[in-house]
């Protein structure tokens, strides 16, 4: 029996060590502690929105590739959801041709390297050659990458009540 005590002790210690939960700091998607980048600013995000809206009026595939995250999910007010490739192809080659885009009533909320942008999306365009005026609500999520560039990660448009 005395010979079994060291074996039981070793088994107990192995089991106790294996079952012990290690305290781990949760990984944060917005953690800037390891980043050498300066703190993000709302002005940087506002410029990213402005550049994105400009690219909608004058769509260029390479510029849009740089402005959008590879994980982009782009939601239209109609319910259509597009990924990055679908969105860029539709904007560059699709039936809509934007002549102007504005974003009044814009608010920007920062949370680490993520920004939530809300605004009214006002645009004049043609759809298959027919003039269209667009007025919808918009929520966008931008993420700042490791190089400090803000990229559109998500966008969801929604219908607004008619203006009186």
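In my numbering, the protein residues as written are 63 to 226. Ideal Cβ placement from N, Cα and C applies to all residues, glycine included.
Taking a C-beta distance under 8 Å as the contact criterion, residue 224 and residue 189 do not qualify as a contact pair.
By the neighbour-count criterion, in which 16 or more other beta carbons inside 10 Å mark a residue as buried, residue 129 falls on the buried side.
In this structure the segment 115-128 does not touch the segment 193-201; the number of beta carbon pairs closer than 8 Å is below three. 183 is the residue among 183, 150, 215 and 205 whose C-alpha sits nearest the C-alpha of residue 222. One thing to note: residue 175 has its Cβ no nearer than 8 Å to the Cβ of residue 121.
Annotation note: the segment 171-195 contains the following uninterrupted beta strand (DSSP E) runs of length 3 or greater, listed N- to C-terminal: 176-189.
Rounded to the nearest angstrom, the gap between the Cα atoms of residue 206 and residue 170 is 14 Å.
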